Amino acid sequence: MLRIALATLACLALPAHAQDRAQQLASACAICHGTDGRSVTKDMVSIAGLPREHIASQMRAFRDGQRPATVMHQIAKGYTDPQIDALAAYFAAQKR
Amino acid sequence: MKRRDFLKAAGAVSLSGCATTGSAPSKARVVVIGGGFGGATAAKYIRLWDSSIDVVLVEREPQFISCPISNLVLGGFTTMQDITRERSGLAKHGVQLVRDEAVAIDAAKKSVRLASGGEIGYERLVVSPGIDFTFGDIQGYEAAMQSGKVLHAWKAGQQTVALRRQLEEMRDGGVYILTVPPTPYRCPPGPYERASMVAAYFKQAKPKSKVLVLDANPDVTSKAGLFKAAWKDLYPGILEYHGNSRAVGVDPATMTVKLEVDEAKGDVLNIVPPHRAGDIAQKAGLITSNNRWCDVDWRTMESKAVKGVHVLGDATLSAPAMPKSGSMANNHAKIAAAAIVDLLNGREPQPLQIGNTCYSFVSPKEAIRVSSVHRWDDGKGTLLGVPGSGGVSAARSEAEGTYAWNWARTIWADSLS
Numbered sequence: 073m074l075r076i077a078l079a080t081l082a083c084l085a086l087p088a089h090a091q092d093r094a095q096q097l098a099s100a101c102a103i104c105h106g107t108d109g110r111s112v113t114k115d116m117v118s119i120a121g122l123p124r125e126h127i128a129s130q131m132r133a134f135r136d137g138q139r140p141a142t143v144m145h146q147i148a149k150g151y152t153d154p155q156i157d158a159l160a161a162y163f164a165a166q167k168r
Numbered sequence: 129m130k131r132r133d134f135l136k137a138a139g140a141v142s143l144s145g146c147a148t149t150g151s152a153p154s155k156a157r158v159v160v161i162g163g164g165f166g167g168a169t170a171a172k173y174i175r176l177w178d179s180s181i182d183v184v185l186v187e188r189e190p191q192f193i194s195c196p197i198s199n200l201v202l203g204g205f206t207t208m209q210d211i212t213r214e215r216s217g218l219a220k221h222g223v224q225l226v227r228d229e230a231v232a233i234d235a236a237k238k239s240v241r242l243a244s245g246g247e248i249g250y251e252r253l254v255v256s257p258g259i260d261f262t263f264g265d266i267q268g269y270e271a272a273m274q275s276g277k278v279l280h281a282w283k284a285g286q287q288t289v290a291l292r293r294q295l296e297e298m299r300d301g302g303v304y305i306l307t308v309p310p311t312p313y314r315c316p317p318g319p320y321e322r323a324s325m326v327a328a329y330f331k332q333a334k335p336k337s338k339v340l341v342l343d344a345n346p347d348v349t350s351k352a353g354l355f356k357a358a359w360k361d362l363y364p365g366i367l368e369y370h371g372n373s374r375a376v377g378v379d380p381a382t383m384t385v386k387l388e389v390d391e392a393k394g395d396v397l398n399i400v401p402p403h404r405a406g407d408i409a410q411k412a413g414l415i416t417s418n419n420r421w422c423d424v425d426w427r428t429m430e431s432k433a434v435k436g437v438h439v440l441g442d443a444t445l446s447a448p449a450m451p452k453s454g455s456m457a458n459n460h461a462k463i464a465a466a467a468i469v470d471l472l473n474g475r476e477p478q479p480l481q482i483g484n485t486c487y488s489f490v491s492p493k494e495a496i497r498v499s500s501v502h503r504w505d506d507g508k509g510t511l512l513g514v515p516g517s518g519g520v521s522a523a524r525s526e527a528e529g530t531y532a533w534n535w536a537r538t539i540w541a542d543s544l545s
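Written out as structure tokens, the structure is:
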């Protein structure tokens, strides 16, 4: 809960250029999740437009080993809390 | 002036798609050489992130044929059609596609010369040339390849089709030899996936046949435990692996591969020569390391040898623990796109964190995987793996086989459409 509140504050405070960086940081995810998180296959759910809190909490669950995965548990460990919050805000803001 | 030059060049070559019909003057022109995982992605993402930049993509091949998944074609488990994609989707982002070959780069004049005779000026140039081979490292190779008796099939296309035909025509009880070049080479797990796919085909269709892997490296260079477990479980008596076995010559008359201290006879010779950065990188003076690879600033992908030129993909001198893979080339492109957009807007480029995920099939339906996350390190001045992140599959699985196909279809779309 505290994390979500902090994330919200962090996002409100993001200057324009930092927003660009969220877009660019998010582009690494596109090789499996699709450009801007819009899936192109039936085997991957679109993360574009999912609630920000949900994306952030799932990334942390992967990272902390609470949600089992084939690959995301290893990738999520490469991202800091501010990066996770920036990614969650970016994907949540994308059109489905 | 520059625009007129370009139109002159465009008149001489086939040009499809045009982004410059709007009335607003463009900010600058970026030329991209090479329409693979690196170049196509860079062209698209520059336009996505700043549509006031003109982007011209120069590519000689009419269609994109994917190296990833091409080993399944060799096994007979998918088709060439399934790994072939059009680049025409890039036009909807305003990328101008020029079907031609870049034959020279004049970095002082900031222009690219095309095989057709045209020239295109640029503010920033992206070179994503892939690999070419040092055939001379294997005695007799070029003549053997020209006779059609020896193939590398390490660029997906005609050689993939030809190698599949050789495997189909081989007698049951024959020997398929695959030689692995010394690292670094394109797609570290690729040879071991290929050996697995051919073994799976033999197991189904020619069970008396053998796959013989002769590796220049001391051991399997990627996902070793997972590959070896799969070979032991799935292909006993079919697949035989030898490390420290570098191919130094080939004799197509006797179908013999010569090693440093031994030799081996086969029915199908799939000899993969050592690699270097693609020809245009060599011609343009972008190669800085061992006469093979192009060193870059990993914050921008800008060449350390030639200012204003960004080099992507397999052609780069890899950062630590960074494989030469399609995923990496796609991610290199995003670093370059971000940096180029910043530079052309008068902003200081910032490092970008990227990632790699590579799947390999070990049976027609089961795959294994390796992943990594790479972050700029100010002290070391390069991208490094983030401690604690990344790793390989727990075990081979059909789930990862499904995700492998998802990855392929998704990265093709992310790069090309």
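Residue numbers (our numbering), protein chains in the order written: chain W, 73 to 168; chain E, 129 to 545. Backbone N, C-alpha and C fix where the C-beta goes; we use that ideal spot for every residue, glycine too. Fair warning: this is a prediction, and the values are worked out from it, not measured in the lab.
For Ile496 (chain E) and Ala354 (chain E), believed in contact at Cβ under 8 Å, the rounded distance: Translated into the one-based positions of the second sequence, residue 354 (chain E) becomes position 226. Translated into the one-based positions of the second sequence, residue 496 (chain E) becomes position 368. Position check: residue 354 (chain E) holds Leu in this sequence, whereas Ala was assumed. Between Ile496 (chain E) and Leu354 (chain E) the Cβ distance is about 4 Å, and since that is below 8 Å, they are a contact.
Quick one: using the 10 Å Cβ neighbour count with 16 as the cut-off for buried, is Glu187 (chain E) buried or exposed? Residue 187 (chain E) sits at position 59 when you count from the first residue of the second sequence. Buried is the call here.
Cutting at 6 Å between CB atoms, please list the residues of its own chain near Ala94 (chain W), excluding the five before and the five after it. Residue mapping note: residue 94 (chain W) aligns to position 22 of the first sequence, counting from 1. Here the set comprises Ala158 and Tyr162.
Quick one: give me the first and last residue of the alpha helix (DSSP H) that Asp153 (chain W) is part of. Looking up residue 153 (chain W) in the first sequence gives position 81. Unbroken alpha helix (DSSP H) run through Asp153 (chain W): Asp153 to Ala164.
Between Asp115 (chain W) and chain E, is there a C-beta pair that is closer than 7 Å? Sequence index remark: in the first sequence, residue 115 (chain W) carries index 43 (1-based). At least one chain E Cβ lies under 7 Å of Asp115 (chain W).
Under 9 Å between beta-carbons, which chain E residues line up against Arg93 (chain W)? List them in chain order, please. Counting from one through the first sequence, the residue named residue 93 (chain W) turns up at place 21. Chain E residues near Arg93 (chain W): Ala466, Gln478 and Leu480.
Return no unless some Cβ of chain E is closer than 7 Å to the Cβ of Ile147 (chain W). For the purposes of this step, residue 147 (chain W) is taken as the residue at position 75 of the first sequence. Answer yes: the Cβ-Cβ gap between Ile147 (chain W) and chain E drops below 7 Å somewhere.
Given this structure, state the Cα-to-Cα distance separating Trp421 (chain E) from Leu242 (chain E), to the nearest angstrom. Here residue 421 (chain E) corresponds to residue number 293 of the second sequence, with the count starting at 1. Here residue 242 (chain E) corresponds to residue number 114 of the second sequence, with the count starting at 1. Distance between the alpha carbons of Trp421 (chain E) and Leu242 (chain E): 23 Å.
Check this for me: beta carbons of Leu440 (chain E) and Met429 (chain E), under 7 Å apart or not? Residue 440 (chain E) sits at position 312 when you count from the first residue of the second sequence. Residue 429 (chain E) sits at position 301 when you count from the first residue of the second sequence. Cβ distance < 7 Å, so Leu440 (chain E) and Met429 (chain E) count as in contact.
Would you please verify whether the beta carbon of Leu86 (chain W) is less than 7 Å from any beta carbon of chain E? Here residue 86 (chain W) refers to the residue found at position 14 of the first sequence. With a pLDDT of only 46 at Leu86 (chain W), under 50, the local geometry of the prediction cannot be trusted, and the value read off the model is given with reservation. No - not a single Cβ of chain E is within 7 Å of the one on Leu86 (chain W).
CA-CA distance, Thr444 (chain E) and Lys336 (chain E)? Counted from its first residue, the second sequence places residue 444 (chain E) at position 316. Counted from its first residue, the second sequence places residue 336 (chain E) at position 208. Answer to the nearest angstrom: the Cα atoms are 42 Å apart.
Would you check if the distance between the CB atom of Phe165 (chain E) and the CB atom of Asn458 (chain E) is smaller than 7 Å? Taking the first residue of the second sequence as position 1, residue 165 (chain E) is located at position 37. Taking the first residue of the second sequence as position 1, residue 458 (chain E) is located at position 330. Yes, these two residues count as a Cβ contact at 7 Å.
Around the C-beta of Pro346 (chain E), are 16 or more other C-beta atoms found within 10 angstroms, so that it is buried, or is it exposed? Sequence index remark: in the second sequence, residue 346 (chain E) carries index 218 (1-based). It counts as exposed.
Cutting at 7 Å between CB atoms, please list the residues of its own chain near Leu122 (chain W), excluding the five before and the five after it. As a working mapping, residue 122 (chain W) is identified with position 50 in the first sequence. Closer than 7 Å at Cβ, skipping near neighbours: Phe163 and Ala164.
Asp182 (chain E) versus Gly318 (chain E) - alpha carbon distance: Along the second sequence, read from residue 1 onward, the residue named residue 182 (chain E) stands at position 54. Along the second sequence, read from residue 1 onward, the residue named residue 318 (chain E) stands at position 190. Near 36 Å, if we compare the C-alpha coordinates of Gly318 (chain E) and Asp182 (chain E).
Following the continuous beta strand (DSSP E) through Phe330 (chain E), name the residue where it begins and the one where it ends. For the purposes of this step, residue 330 (chain E) is taken as residue 202 along the second sequence, with counting starting at 1. Careful: Phe330 (chain E) lies outside any beta strand (DSSP E), inside the alpha helix (DSSP H) at Gly318 to Ala333.
By the 10 Å Cβ neighbour count, where 16 or more other Cβ atoms means buried, how is Gly474 (chain E) classified, buried or exposed? In the second sequence, the residue the question calls residue 474 (chain E) occupies position 346. Exposed is the call here.
Can you tell me where the beta strand (DSSP E) with Cys104 (chain W) in it begins and where it stops? As a working mapping, residue 104 (chain W) is identified with position 32 in the first sequence. Unbroken run through Cys104 (chain W) is the alpha helix (DSSP H), Ala102 to His105; no beta strand (DSSP E).
How many Å lie between Ser417 (chain E) and Ile156 (chain W) at the Cα? By one-based count along the second sequence, residue 417 (chain E) stands at place 289. By one-based count along the first sequence, residue 156 (chain W) stands at place 84. When rounded, the distance between both Cα atoms is 37 Å.
If you count every other CB in all the chains shown that lies within 10 Å of the CB of Asn547 (chain E), and 16 or more means buried, which is it? With chain E represented from 129 up to 545, any question about residue 547 (chain E) goes unanswered, as that position is not in the structure.
Coil, strand or helix - Gly413 (chain E) by DSSP: Position 285 of the second sequence holds residue 413 (chain E). In the structure shown, Gly413 (chain E) sits in coil (DSSP, three-state: anything other than H, G, I, E or B).
Give the single residue among E:Ser194, E:Val223, E:Ala522 and E:Pro364 whose Cα lies nearest to the Cα of Ala170 (chain E). Position 42 of the second sequence, counted from the start, is the residue given in the question as residue 170 (chain E). With distances taken between Cα atoms, Ala170 (chain E) lies closest to E:Val223.
Taking 7 Å as the CB-CB cut-off, is Ile539 (chain E) touching chain W? Indexing the second sequence from 1 puts residue 539 (chain E) at position 411. True, the Cβ-Cβ gap to chain W drops below 7 Å.
Any 3 or more C-beta pairs closer than 8 Å across the segment 465 to 482 of chain E and the segment 250 to 258 of chain E: yes
Would you please verify whether the beta carbon of Ala100 (chain W) is less than 7 Å from any beta carbon of chain E? Locating residue 100 (chain W) in the first sequence gives position 28, counting from the first residue. True, the Cβ-Cβ gap to chain E drops below 7 Å.
Using a C-beta to C-beta distance shorter than 7 Å, which residues of chain W count as neighbours of Gly516 (chain E)? The sequence position of residue 516 (chain E) within the second sequence is 388, counting from 1. Result: Lys149.
Could you give the distance in angstroms between the alpha-carbon of Thr148 (chain E) and the alpha-carbon of Lys220 (chain E)? In the second sequence, counting from the first residue as 1, residue 148 (chain E) sits at position 20. In the second sequence, counting from the first residue as 1, residue 220 (chain E) sits at position 92. For Thr148 (chain E), the pLDDT reaches just 43, beneath the cut-off of 50, and the residue's location in the model is therefore unreliable, leaving the point undetermined.
Helix, strand or coil: which one does DSSP assign to Leu440 (chain E)? By one-based count along the second sequence, residue 440 (chain E) stands at place 312. DSSP places Leu440 (chain E) in coil when its eight states are reduced to three.
Who are the Cβ neighbours of Gly150 (chain E) in its own chain at under 6 Å, not counting the five residues just before and after it? The residue you call residue 150 (chain E) lines up with position 22 of the second sequence. At Gly150 (chain E), the pLDDT of 44 sits below 50, so the modelled position is not reliable and the matter cannot be decided from this model.
Please name the residue or residues paired with Gln113 (chain E) in a DSSP beta bridge. Any answer about residue 113 (chain E) is impossible in this case: the structure gives chain E only from 129 up to 545.
Helix, strand or coil: which one does DSSP assign to His280 (chain E)? Taking the second sequence and counting its residues from 1, the one referred to as residue 280 (chain E) is at position 152. His280 (chain E) falls in the coil class under three-state DSSP.
Output needed in chain order: residues of the segment 438 to 468 of chain E with a Cβ under 7 Å from some Cβ in chain W. Ser455, Asn458, Asn459, Lys462 and Ala466
Considering only C-alpha positions, which residue in the set E:Ile233, E:Asn372 and E:Ala328 is nearest to Ile248 (chain E)? Counted from its first residue, the second sequence places residue 248 (chain E) at position 120. Of the candidates E:Ile233, E:Asn372 and E:Ala328, the one whose C-alpha sits nearest the C-alpha of Ile248 (chain E) is E:Ile233.
Between the segment 269 to 280 of chain E and the segment 194 to 203 of chain E, can you find at least three pairs of beta-carbon atoms closer than 8 Å? no
Looking only at its chain, what residues have a beta carbon closer than 8 Å to the beta carbon of Thr152 (chain W), apart from the 5 residues adjacent to it on each side? Taking the first sequence and counting its residues from 1, one reaches residue 152 (chain W) at position 80. Nothing meets the Cβ criterion.
For Asp407 (chain E) and Val501 (chain E), I'd like the C-alpha separation in whole angstroms. Sequence index remark: in the second sequence, residue 407 (chain E) carries index 279 (1-based). Sequence index remark: in the second sequence, residue 501 (chain E) carries index 373 (1-based). Approximately 30 Å between the Cα atoms of the pair.
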